[in-house]
Amino acid sequence: MASGRRTKVLASALAVFVVFVFIFHSHSTYDWSDTSAGSIVTEKSLFDSQNNEVVDDAINREISKEKSKEETGGGAEAADSGDVDAGDFDPSKAFLQIRSLAPMTIFSKTYCPYSKKLKKLLKENYSITPEPQIVELDKHKHGQELQEYVGRVSERSTVPNVIVGTASVLSKGGADEFIALHQEGKLVEMLNLWGGKAISVSRLEVPSNS
């Protein structure tokens, strides 16, 4: 009888042990599985956040911008070149700044034969103090806009265009007018008259060939 009771107790204990082991094993398996799944989801989320369509599209747009800059020569180098948008350029302010540099201003173009004639005439035959301020419109960043403005205020739209003195901004002429005054021997007189006390002009001594 005692032996049978002992057998039942051992069987019950063994059953409890088996159940405990089974529960423990099931719980452990669930925990590992759950942790592993969490890791996979986390890694997938990070991967997706770096390679989704939105990010890829943004990257492609940046690449397109860089290619466009390279093809057009844009970018920082263009920004550092000093270029100013046409909308920011004020020709009236530019004109006043130029006129403040010297009482005599010559608006010219480097390739213009009439501009070359006038500059050569003045350089080789006259001493002008202070020296005339020469503005080469074809080299100016906003030469066309500046020329149009100067043409309106000076009433001469072509080059060369000479403005002398502070009393008026009207043009005193171009190559033809200055060459005529030079040939008549009146250019010194007229330049000093136009410039007033702000300018001093004299004729250079031309060495004789004898």
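According to the numbering used here, the sequence shown is numbered sequentially starting from 77.
Think of the CB as a built atom: it goes at the ideal place given N, C-alpha and C, for glycine as much as any other residue.
Listed in chain order, the non-local C-beta contacts of A178 below 8 Å within the same chain comprise P206, E207, P208, Q209, local neighbours out to five positions each way being set aside. Inclusion of V245 and V229 in the CB contact set at 8 Å is warranted, their separation being smaller than that value. The C-alpha of V282 lies about 44 Å from the C-alpha of F165.
The beta-carbon separation of F171 and V235, rounded to 15 Å, does not stay under the 8 Å limit for a contact. In the DSSP assignment, R279 falls within the beta strand (DSSP E) that extends over 276-279. Between the alpha carbons of T242 and E253 lies a gap of roughly 20 Å. In this model, R279 and L222 are separated by some 32 Å (Cα to Cα). In the three-state DSSP reduction, Y202 falls in the strand class (E or B). In this chain, the alpha helix (DSSP H) harbouring S230 covers 219-230.
Closest option to W270, judged by alpha-carbon separation, among I255, A256, S247, Q259: S247. Non-local beta-carbon contacts of E231 in its own chain, meaning distances under 8 Å to residues more than five positions away in sequence, involve L246, S247 in chain order.
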